[in-house]
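J.:
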Amino acid sequence: MLIGALEAGGTKMVCALGNENGTILEQVSIPTTTPEETVEQIVRYFKDKDIEALGVAAFGPVDVKPQSPTYGRILDTPKLAWRHFDLLGALKKELDVPMGLDTDVNGSCLGEMTYGCAKGLDSAIYITIGTGVGVGVCAGGKLLHGMLHPEGGHILLARHPEDPEGGICPYHPNCLEGFASGPSIERRWGKKAVELVDRPEVWELESYYIAQALVNYIMILSPQKIILGGGVMHQEQLFPMIREKVREMIGGYLNTPELADLDNYIVPASLHDDQGIMGCIKLGLDALC
0 MLIGALEAGG TKMVCALGNE NGTILEQVSI PTTTPEETVE QIVRYFKDKD
50 IEALGVAAFG PVDVKPQSPT YGRILDTPKL AWRHFDLLGA LKKELDVPMG
100 LDTDVNGSCL GEMTYGCAKG LDSAIYITIG TGVGVGVCAG GKLLHGMLHP
150 EGGHILLARH PEDPEGGICP YHPNCLEGFA SGPSIERRWG KKAVELVDRP
200 EVWELESYYI AQALVNYIMI LSPQKIILGG GVMHQEQLFP MIREKVREMI
250 GGYLNTPELA DLDNYIVPAS LHDDQGIMGC IKLGLDALC
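The opening position of the sequence shown corresponds to residue 0 in numbering that gives the first Met the number 0, with each subsequent residue numbered one higher.
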């Protein structure tokens, strides 16, 4: 059985083939340009692959509610050419197979829940910290949508007293994405994160903001595992700093087996940066049901 997988990002589209075991058989990357050009290349890739279903995990905001009249459309994205584009409709017009759709971060969360470090659990959150910050949530064994879908990168945080710059988000002066994304680090320190490995003050601020956000997620969502991915989290020195700050910020209020073992509770992504594509495979499989 061949399942198509499309991880639709704002910078690139990753198209892949997988099987019912979640194994990725091949994948290619297509630059995200205009909707028309990009969809044409996606369709060209999948057209002759004899796939039985397609799973799509898309950048957003995106309408993921099947009963909505705008289901499958990219909504008010900063990428103006894609605003209100009917991504799922354009794909369905050319590819006559069942399709499943969710957000890119929910797709990554699903990949980890199905094939990765959260397998066997019924609740987890996946957070990507890179160019932006996104949060995928699984609760009660199902991906969380609600009125739209979680936008956990934009929760509001207290500014660190030694933060010289503050946040860069144009919508919120003090949200997680504005404080902790890759562009925020670069704006604050004048260099990309990868060039700042030996600057402890950089990671002190970064870990403070991430830990503060995690405590909020813990208190509200009570996840069984927290998975941190994205380019910024390739800085592995962050993990012990984040865990220690989470412990301090919780202040003994909660006492669970998970919080007693933070090394296995707050963890890096486990699928070699393929969690998004593997989540798409699962979305495609679920569309067949």
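Every residue gets a Cβ at the ideal spot worked out from N, C-alpha and C, and that includes glycine. Being a predicted model, the structure only gives us computed values, none of them experimental.
Using CA coordinates, which residue listed in Gln234, Tyr114, Ile249 is at the minimum distance from Ile217?
T.: Out of Gln234, Tyr114, Ile249, Ile249 has the C-alpha closest to the C-alpha of Ile217.
J.: Judging by CA-CA distance, which residue of Thr37, Thr102, Asp75, Ala89 is the nearest neighbour of Phe58?
T.: Of the candidates Thr37, Thr102, Asp75, Ala89, the one whose C-alpha sits nearest the C-alpha of Phe58 is Thr102.
J.: Would you tell me roughly how many angstroms separate the C-alpha atoms of Gln40 and Ile29, rounded to the nearest one?
T.: 7 Å
J.: Determine the DSSP secondary structure at Thr76, reduced to helix, strand or coil.
T.: coil
J.: Is the Cβ-Cβ distance between Gly3 and Gly251 less than 8 Å?
T.: no
J.: Per DSSP, Gln30 is paired with what?
T.: According to the sequence as given, residue 30 is Pro; it is not Gln. Under DSSP, Pro30 takes part in a beta bridge, and its partners are Lys11.
J.: Thinking just about the alpha-carbon of each residue, which of Val231, Val104, Ala56, Met240 is nearest to the one in Glu203?
T.: Nearest option by C-alpha distance: Met240.
J.: In chain order, what residues of the same chain lie with their CB nearer than 8 Å to the CB of Asn289, ignoring the 5 residues before and after it?
T.: The first residue shown for the chain is 0 and the last is 288, placing residue 289 beyond what the model contains.
J.: Is the separation between the beta-carbon of Val27 and that of Tyr44 shorter than 8 Å?
T.: yes
J.: Cys279 by DSSP, collapsed to three states: which one?
T.: helix
J.: Measure the C-alpha to C-alpha separation of Ser107 and Met277 and round it to an integer number of angstroms.
T.: 8 Å
J.: In chain order, which continuous runs of the beta strand (DSSP E) of length 3 or greater are located wholly inside the segment 100-166?
T.: 123-128, 132-138
J.: Roughly how many whole angstroms lie between the Cα atoms of Leu147 and Ile73?
T.: Between Leu147 and Ile73, the alpha-carbon positions lie close to 12 Å from each other.
J.: At which residues does the beta strand (DSSP E) containing Leu227 begin and terminate?
T.: 225-228
J.: Please report how far the alpha carbon of Lys190 lies from the alpha carbon of Thr130, in whole angstroms.
T.: 14 Å
J.: Kindly list the residues whose CB is nearer than 6 Å to the CB of Glu19, restricted to its own chain and excluding five residues on each side of it in sequence; keep chain order.
T.: Met0
J.: Can you tell me whether Glu235 is helix, strand or coil according to DSSP?
T.: coil
J.: With a Cβ-Cβ cutoff of 8 Å, do Glu111 and Gln274 count as a contact?
T.: yes
J.: Which same chain residues end up closer than 8 Å to Ile128 when comparing Cβ atoms and leaving out the 5 residues on each side of it in sequence?
T.: Ala179, Ser180, Gly181, Ile209, Leu227, Gly228, Gly229, Gly230, Val231, Met232
J.: Mapping the DSSP letters down to three states, classify Glu243 as helix, strand or coil.
T.: helix
J.: Check this for me: beta carbons of Leu53 and Leu94, under 8 Å apart or not?
T.: yes
J.: Measuring CB to CB, does Ala123 end up less than 8 Å from Lys224?
T.: yes
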